[in-house]
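Here is the structure we will look at, set down as structure tokens.
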């Protein structure tokens, strides 16, 4: 039975008849250094970094004699190539399967020679380039929703019964998406309606969350599960919006029936997206203005133990992505 039909039947049963990402998020392109200015780069967790060039854009347009390149990683040790780090002969750096621990300051020193043509005199020139690289994740989405239903009275068991039936219907509507309704609540209020006098209405609020029991089964062992959960929660939001639109249509366009006293109040549906970050990540618009919507790895001196949206201070933390203050 379709969800809106089931709810309609319940309402009639309950009440009967009633009245009517450079310092920006980057892709996989080439990123040049800036002498004297660290370049902020954000790399999505478990993805490849953009290619970092050990020179600035102006130098790249000129010939460079006998260049050598020395990359230093966040551990202040020279970087060498491995399965996850690739350094080319022309000094370009790229990292694969980027992890929280890869975050930090990367420094490259370019050494090259200038040669005076008339004397063959050589001078060694050195230029340092700094790149601040941060792992980030997409935030996890959930949706805070609110609706209103009319009721005959603020007293009695029917209000609670409607509330429980509505939650069950919504849960069933989105269960195949590994989403569920959490933190549901309602209050009954007197409302003065123009041309209708005082009415009783239930103000219902709830959150739609993408982490129903067994949600990891939908990830198919993919590292970036937030891509899947965020896709599912968007679908859940659309289904619930359509459900309440159908309620409004039934009660206000079916002229062959009389509307029950307990029914959905048209235009009362409200939805707000709520973001959260996984442990070890947080949002900081001031520090990461070019990745303000991202959940960026917590820097040393901060941590995030739960699905909050900010990293908390902790002077004893010396790593990126800390989940506790130890």
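In mature numbering (1 follows the signal peptide of the UniProt record, and there is no 0), the protein residues as written are -19 to -1, 1 to 307. C-beta: ideal position from N, C-alpha, C; glycine also. Predicted model only: the values in this text are computed from it and were never measured.
Query	Result
Going by other Cβ atoms of all chains shown within 10 Å of its Cβ, with 16 needed for buried, is residue 246 buried or exposed?	buried
Return the residue from the list 31, 73, 185 and 221 that minimises the CA-CA distance to residue 50.	73
Short check: CB of residue 312 to CB of residue 132, under 7 Å?	The displayed coordinates of the chain run from -19 to 307. Any statement about residue 312 would go beyond what the structure contains.
Give me the DSSP bridge partner(s) of residue 11.	32
Am I right that residue 303 and residue 279 are in contact with their C-beta atoms under 8 Å? What's the rounded C-beta distance?	6 Å
If residue 126 sits next to residue 251, beta carbons under 8 Å apart, how far is it from one beta carbon to the other, in whole angstroms?	7 Å
Out of curiosity, what's the CA-to-CA distance linking residue 40 and residue 67?	22 Å
Tell me whether residue 195 is buried or exposed, calling it buried when 16 or more other Cβ atoms sit within 10 Å of its Cβ.	exposed
Evaluate the contact criterion for the stretch 112 to 120 versus the stretch 160 to 176: three or more CB pairs, one atom per stretch, below 8 Å.	no
For residue 135, I'd like the list of residues in its chain whose CB is within less than 7 Å of its CB, leaving aside the five on either flank, ordered along the chain.	169 and 181
Between 42, 83 and 186, which has its C-alpha nearest residue 58's C-alpha?	83
Tell me which same chain residues have a C-beta within less than 7 Å of the C-beta of residue 65, skipping the five on either side of it?	76, 77 and 78
Label residue 276 either buried or exposed according to how many other C-beta atoms from any shown protein chain fall within 10 Å of its C-beta, with 16 as the threshold for buried.	buried
Just verifying my parser: in three-state terms, what is the DSSP assignment at residue 225?	helix
Nearest CA to the CA of residue 52: which residue from 43, 31, 21 and 110?	110
Would you call residue 190 buried or exposed, if buried means 16 or more other Cβ atoms sit within 10 Å of its Cβ?	buried
Near residue 4, which residues of its chain fall below 6 Å by C-beta distance, leaving aside the five closest residues on each side in sequence?	Low confidence applies here, because residue 4 scores a pLDDT of 40, under 50, leaving its location unreliable; read the following figure in that light. For residue 4, where only same-chain residues beyond five positions count, the Cβ hits under 6 Å are 21 and 271.
If you draw a straight line from the C-alpha of residue 218 to the C-alpha of residue 45, how long is it?	56 Å
Thinking just about the alpha-carbon of each residue, which of 209, 248, 243 and 210 is nearest to the one in residue 225?	248
DSSP on residue 74, reduced to helix/strand/coil?	strand
Evaluate residue 105 with the Cβ neighbour count: other Cβ atoms within 10 Å of its Cβ, from every protein chain shown; 16 or more gives buried, anything less gives exposed.	exposed
As a quick exercise: from 60, 97, 13 and 223, pick the residue whose alpha carbon is nearest that of residue 35.	13
Classify residue 154 as helix, strand or coil using the three-state DSSP reduction.	helix
So residue 40 is in the alpha helix (DSSP H); what residue range does that whole segment cover?	38 to 41
Would you say the stretch 257 to 265 touches the stretch 290 to 307, given that touching needs at least three Cβ pairs under 8 Å?	yes
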